[in-house]
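Reading through the structure tokens given below for one structure.
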Amino acid sequence: MKLLTATAYAQGLRVDDFHWAVEGELVTLRAFCDMHLDRPHGRCECGRVFVGLGSFYGTTTAMVRDLPGITEAEYREAFRNSLDAQGWDARDADAEATRLLAEVERLPVGAIVERIVDDLAVRALSDADIGRVPGRR
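In the working numbering, the protein residues as written are 731 to 867.
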């Protein structure tokens, strides 16, 4: 199953990059406020941060990884449990998980992505996966 995970890969391409999440942990796009809607690279980081489901720490880069050991049901449960543990209302967790799974499905394994409010943009491809992309060396 393709899932979005925290990574430090491709950090530093933007001056406002940071990576405090645990490398490889599952992440969410949960935003904490509305200040980021018109200026995702402004003072508030909510429009560009991925939040680790386990650590609750943020990163500005995430990697699409194929994690065959995780089922969709397990992913959804982890998503709900994380939101609950952070004190968020988890009622919308399934809808959020569905949306994120759909976004990730269209991306190649190894893609390094950044977040621009509710959109994901490919920033780079990991070295390990460049050979899998047609036309890339």
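For every residue, glycine included, the Cβ atom is placed at its ideal position computed from N, Cα and C.
Check	Outcome
Can you look up V794 in the DSSP assignment and give me helix, strand or coil?	strand
To the nearest angstrom, how far is the alpha carbon of K732 from that of V839?	7 Å
Please go through the same chain and pick out, in chain order, the residues whose beta-carbon is closer than 8 Å to the beta-carbon of D848, but skip the five residues on each side of it.	L759
Quick check on the DSSP output: the beta strand (DSSP E) that includes V781 runs from which residue to which?	780-782
Can you check DSSP and say which residues form a bridge with I846?	D849
Taking L783 as the reference, which of V752, R795, L797 has the closest Cα?	V752
In the DSSP output, what is A736 paired with across the bridge?	A792
Based on the DSSP output, what are the partners of A854 in its beta bridges?	I842
In three-state DSSP terms, what is R828?	The residue you asked about is not Arg; residue 828 is Thr in the sequence shown. In this structure, T828 counts as helix in the three-state DSSP scheme.
Here's the rule I'm using: 16 or more other beta-carbon atoms within 10 Å means buried, otherwise exposed. How should I846 be labelled?	exposed
Please work out which residues of its chain come closer than 7 Å, Cβ to Cβ, to R853, disregarding the five sequence neighbours upstream and downstream, and give them in chain order.	A740, L743, T791, I842, V843, E844
Please report the straight-line C-alpha distance between R866 and D796, rounded to a whole angstrom.	Confidence in R866 is poor, its pLDDT being 41 and thus under 50, which makes the residue's placement too unreliable to answer from.
Please report the distance separating the alpha-carbon of F780 from that of G788.	5 Å
Just mark E755 as buried or exposed, buried being the case when its beta carbon has 16 or more other beta carbons within 10 Å.	buried
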